[in-house]
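A.B. asks:
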Amino acid sequence: MPDWKKNLYIIWIAQFVSSVGLSMVMPFLPFYIRELGVTGSDEVKVWSGIIFAAPLLVSSLMQPIWGVLGDRYGRKPMVVRAMLGLGLANALMSFSGNIYQLLVLRLFQGFLSGFFAPSMALVASGTPRENIGFALGTLQSAFISGMIVGPFIGGILAHFSGYRSNFLWTGICCFSGALIVVWFVRETFVPVENKNNYADLKKNIRSVFMSSDLRTLFLITLMVQLSIHFVAPFLSLYVEYLDFSNKYVDMMTGLVFGITGITCTITSPMWGKKGDEIGFSKVLRLSLTGIMIFMLPMAFVTSAYQLLFLRAGLGIFIAGAVPTINALVQRSTNEGHHGGIYGIFQSGFLFGNMAGPLLGGFLSAAFGLRAIFIITTAFLCVTMFLERRYTNRIAKHASQ
C-alpha cells in the first residue's frame, strides 16, 4: 500500500475517534445549559448560540496562525496539539458550575482546537494530484462518521448518566485520537524556506484575497457553513418542540443529528471520485442545489420523523460540498503552502460555523424556530450566485 494511503487511513481513524467524542456533547448543549441554571426558552436559545459560537470565533482567528506554524514545523504536531487541546477542554467542562465557567472553557477549546485543517494539509501534501478528490472525500467521511456514532452514544449516555458524563468521554476520545497520530502517522516534511512566520501569514492572506478564484471559494465556504449552522444549536429544541410527549427525546435528538452523518459518510467517497471524473465545479453546483431542496421543507414539518427523513437527504448533498471546495482550493495552492491556505479557509469555515448559531440564536428568539430554515434557504440562494460566478470565470479562462 502506498505511504499516502497508509497515512490517510490512520488519520481517518484518529479523526473518527475524536469526532465521535465531539458529537457526543454538541446536540445536548441546550439541555446542559438549562441544567446550569439558565431559565426561560428565549434565554436558553440565546445562550445556546453564544456557547456554540464562542470556540468557533476564537478558532477562526487562530487557524491561519496554526496553519503557518504547520508549514514551518510540520502538520502532524498541529493535529496532535488540536486533539489534546480538545480533550483537555471538554474534560474540564464536565465540572462546570455555571454558564460562565462553561463559556470560558469553550473559549479555551477554541484557542487550541482545529485538527481538520492540518489533517487536510497533511493528506493533500502527500497525495498524487489524480487522487486528491478521493483522499479528501474519504477524510471528510471520518469526521462525518464520528458525527453519526457520537450522537447515538451521547443520547444513551445522557439518558442514563446525565450530560456531564458526555464531556468526560469526549476528552477520552480526543486524547485517544492524539495518541493514534503520534504512534502511527509518518510525515515526510520539508519546511518552507522563509523563516518569518508573520511574513508567511501575510503572504497566505494576500494569496487568498488577491486571487479571484480563491477569494470566491472562500466566500462560498463561509456562506455554506453559515447556512448549515444557522440551525445546528437549536435542532435539539426543534425536535423537543415537534415530539414533546416522547420521553426518549434525548435519543430522538441523537438520531436526527446522526442520520445526516450516516448518509454523508456513505456518499462522501462517491462525491470525491465523481469530482475527479467530471470536474469539481459541477459537483459543487449539484451539492448546493440538493442542500436547498432538503433544507426549506424543514420549516414546515409536523413530526420528528419528517425531520428525520429530510435530514437524511440533506446529508447526501452536504457530503459533496465541503470536500469539493477543499479539492478546488488544493488545485489553486502552491506547493509548501497547503497548511497556511487551508488554515485561512478553515477560518472562514469556522467563522461561518460561529456566526450561524449566533445569528440563529437571536433570530429564533425573534421569529421562532421554523423561520430559521427559511432564512437558511435565502443564504443558500446567495451561495448559488457566488458558485455561478466562479464556474463562469473558470469556463472563460479554460476557453482562452
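Per the numbering used here: the sequence shown = residues 1 to 400.
Yeah, the Cβ is synthetic: ideal placement off N, Cα and C, and Gly gets one too.
What you are looking at is a predicted structure, and each value in this text was computed from that prediction instead of being measured.
Can you give the Cα-Cα distance for Ile180 and Phe16, rounded to whole angstroms?
C.D. replies: Locating residue 180 in the sequence shown gives position 180, counting from the first residue. Locating residue 16 in the sequence shown gives position 16, counting from the first residue. Each residue's alpha carbon lies about 11 Å from the other.
A.B. asks: What is the residue span of the alpha helix (DSSP H) that Val25 lies within?
C.D. replies: For the purposes of this step, residue 25 is taken as residue 25 along the sequence shown, with counting starting at 1. No alpha helix (DSSP H) holds Val25; DSSP gives it neither H nor E.
A.B. asks: Does the structure place the segment 111-125 close enough to the segment 67-76 that three or more beta carbon pairs sit under 8 Å?
C.D. replies: Judged by Cβ distances under 8 Å, the segment 67-76 makes contact with the segment 111-125, as three or more pairs qualify.
A.B. asks: Between the segment 268-276 and the segment 134-141, can you find at least three pairs of beta-carbon atoms closer than 8 Å?
C.D. replies: Contact between the segment 134-141 and the segment 268-276 is present, because at least three Cβ pairs lie under 8 Å.
A.B. asks: Rounded to whole angstroms, what's the CA-CA distance from Ser176 to Gly85? Just pull it up for me.
C.D. replies: By 1-based counting over the sequence shown, the position of residue 176 is 176. By 1-based counting over the sequence shown, the position of residue 85 is 85. Distance between the alpha carbons of Ser176 and Gly85 is about 12 Å.
A.B. asks: From which residue to which residue does the alpha helix (DSSP H) around Thr267 run?
C.D. replies: Residue mapping note: residue 267 aligns to position 267 of the sequence shown, counting from 1. Element bounds for Thr267: 249-278.
A.B. asks: Between which residues of its own chain and Leu57 is the CB-CB distance below 6 Å, once the five residues before and five after are set aside?
C.D. replies: The residue you call residue 57 lines up with position 57 of the sequence shown. Hits under 6 Å: Met354.
A.B. asks: Inspect the CB distances between the segment 105-117 and the segment 41-59 and report whether three or more fall short of 8 Å.
C.D. replies: Segments in contact, yes.
A.B. asks: Closer than 7 Å to a non-hydrogen atom of the ligand FAD - does that hold for the CB of Tyr32?
C.D. replies: In terms of ligand content, the structure shown is empty, and the ligand FAD therefore cannot be addressed.
A.B. asks: According to DSSP, is Gly114 part of a helix, a strand, or is it coil?
C.D. replies: Here residue 114 refers to the residue found at position 114 when the sequence shown is read from its first residue. Gly114 falls in the coil class under three-state DSSP.
A.B. asks: Kindly indicate which residue of Phe280, Ile375, Ile341, Leu255 has the alpha-carbon position closest to the one of Phe28.
C.D. replies: Counting from 1 along the sequence shown, the entry for residue 28 is found at position 28. Among Phe280, Ile375, Ile341, Leu255, the Cα nearest to that of Phe28 is on Leu255.
A.B. asks: Tell me, to the nearest whole angstrom, how far the beta carbon of Gly155 is from that of Asp250; I am working on the premise that it is less than 8 Å.
C.D. replies: The sequence position of residue 155 within the sequence shown is 155, counting from 1. The sequence position of residue 250 within the sequence shown is 250, counting from 1. Yes, they are in contact, since the Cβ atoms of Gly155 and Asp250 sit about 5 Å apart, within 8 Å.
A.B. asks: Which residues mark the beginning and the end of the alpha helix (DSSP H) in which Leu86 is found?
C.D. replies: Indexing the sequence shown from 1 puts residue 86 at position 86. Residues 75-93.
A.B. asks: Rounded to whole angstroms, what is the Cα-Cα separation between Trp12 and Phe294?
C.D. replies: Reading the sequence shown from its first residue, position 12 is the one you call residue 12. Reading the sequence shown from its first residue, position 294 is the one you call residue 294. Taking the straight line joining both Cα atoms gives about 28 Å.
A.B. asks: Considering Cα atoms alone, identify which of Leu105, Gly258, Tyr9 is closest to Ile51.
C.D. replies: Residue numbering aside, residue 51 sits at position 51 when the sequence shown is read from its first letter. With distances taken between Cα atoms, Ile51 lies closest to Leu105.
A.B. asks: Pairing CB atoms from the segment 162-176 with CB atoms from the segment 283-302, are three or more of them under 8 Å?
C.D. replies: Short answer: they don't touch.
A.B. asks: How big is the Cα-Cα spacing for Thr87 and Ile228?
C.D. replies: Your numbering for residue 87 matches position 87 in the sequence shown. Your numbering for residue 228 matches position 228 in the sequence shown. Here residue 87 turns out to be Gly, not Thr, going by the sequence shown. The alpha-carbon atoms of Gly87 and Ile228 are separated by roughly 25 Å.
A.B. asks: On a Cα-Cα basis, can you pick out the residue from Thr39, Val25, Ser48 that is closest to Val231?
C.D. replies: Taking the sequence shown and counting its residues from 1, the one referred to as residue 231 is at position 231. Residue Ser48 is the option with its Cα nearest to Val231.
A.B. asks: If you run the structure through DSSP and keep just helix, strand and coil, what is Arg72?
C.D. replies: Taking the sequence shown and counting its residues from 1, the one referred to as residue 72 is at position 72. Reduced to three states, the DSSP call for Arg72 is helix.
A.B. asks: Flag this pair as touching only if the segment 341-353 and the segment 305-320 have three or more C-beta atom pairs under 8 Å; answer yes or no.
C.D. replies: Too few Cβ pairs lie closer than 8 Å, so no.
A.B. asks: Nearest-angstrom Cα distance between Leu308 and Met210?
C.D. replies: Here residue 308 refers to the residue found at position 308 of the sequence shown. Here residue 210 refers to the residue found at position 210 of the sequence shown. Going from the Cα of Leu308 to the Cα of Met210 covers about 42 Å.
A.B. asks: What residue range is occupied by the uninterrupted alpha helix (DSSP H) comprising Ser161?
C.D. replies: Here residue 161 is taken as the residue at index 161 of the sequence shown, counted from 1. Element bounds for Ser161: 132-161.
A.B. asks: Return the chain-ordered list of same chain residues with a C-beta closer than 8 Å to the C-beta of Asn392, the five sequence neighbours on each side being excluded.
C.D. replies: Position 392 of the sequence shown, counted from the start, is the residue given in the question as residue 392. Closer than 8 Å at the Cβ level, and outside the excluded window around Asn392, lies no residue.
A.B. asks: Go ahead and label Ser212 buried or exposed: buried means 16 or more other beta carbons lie within 10 angstroms of its beta carbon, across all protein chains shown.
C.D. replies: One-based indexing of the sequence shown puts residue 212 at position 212. Exposed is the call here.
A.B. asks: What residue does the alpha helix (DSSP H) around Arg215 start on, and which one ends it?
C.D. replies: Working through the sequence shown from its first residue, we reach residue 215 at position 215. Its alpha helix (DSSP H) spans residues 212-229.
A.B. asks: Assuming Asn98 is part of the alpha helix (DSSP H), what are its boundary residues?
C.D. replies: Within the sequence shown, numbered from 1, the residue matching residue 98 stands at position 98. Here Asn98 belongs to no alpha helix (DSSP H), and DSSP marks it neither H nor E.
A.B. asks: Please classify Tyr198 as buried or exposed, where buried requires at least 16 neighbouring CB atoms within 10 angstroms.
C.D. replies: Sequence index remark: in the sequence shown, residue 198 carries index 198 (1-based). The predicted model places Tyr198 with a pLDDT of 49, which falls under 50 and marks its position as unreliable; any figure quoted below should be read in that light. Flag for Tyr198 reads exposed.
A.B. asks: According to DSSP, is Thr39 part of a helix, a strand, or is it coil?
C.D. replies: Your numbering for residue 39 matches position 39 in the sequence shown. Coil.
A.B. asks: For Lys202, which option in Gly67, Met270, Phe31 has the closest C-alpha, if you only look at C-alpha atoms?
C.D. replies: Position 202 of the sequence shown, counted from the first residue, corresponds to residue 202. Ranking Gly67, Met270, Phe31 by Cα distance to Lys202 puts Gly67 first.
A.B. asks: Between which residues of its own chain and Arg34 is the CB-CB distance below 7 Å, once the five residues before and five after are set aside?
C.D. replies: On the sequence shown, residue 34 is found 34 positions in, with the first residue counted as 1. If we look at Arg34 and ignore the five residues flanking it on each side, its Cβ neighbours are Val44.
A.B. asks: Rounding to the nearest angstrom, what Cα-Cα distance links Lys5 and Ala371 in this structure?
C.D. replies: By 1-based counting over the sequence shown, the position of residue 5 is 5. By 1-based counting over the sequence shown, the position of residue 371 is 371. Going from the Cα of Lys5 to the Cα of Ala371 covers about 44 Å.
A.B. asks: Tell me the DSSP secondary structure of Thr391 in three-state form.
C.D. replies: In the sequence shown, counting from the first residue as 1, residue 391 sits at position 391. DSSP places Thr391 in helix when its eight states are reduced to three.
A.B. asks: What residue does the alpha helix (DSSP H) around Ala178 start on, and which one ends it?
C.D. replies: For the purposes of this step, residue 178 is taken as residue 178 along the sequence shown, with counting starting at 1. 164-184 is the span of the alpha helix (DSSP H), which, as asked, contains Ala178.
A.B. asks: What three-state label does DSSP hand Met1 in the structure shown?
C.D. replies: On the sequence shown, residue 1 is found 1 positions in, with the first residue counted as 1. Here Met1 sits in coil by DSSP.
A.B. asks: Quick one: grab the DSSP three-state call for Ser301.
C.D. replies: The residue you call residue 301 lines up with position 301 of the sequence shown. Note that residue 301 corresponds to Val in the displayed sequence, not to Ser. In the structure shown, Val301 sits in coil (DSSP, three-state: anything other than H, G, I, E or B).
A.B. asks: Measure from the alpha carbon of Val38 to the alpha carbon of each residue in Ala378, Gly348, Tyr100, Gly313, then state which is nearest.
C.D. replies: As a working note, residue 38 is residue 38 in the sequence shown. When only C-alpha atoms are compared, the closest one is Tyr100.
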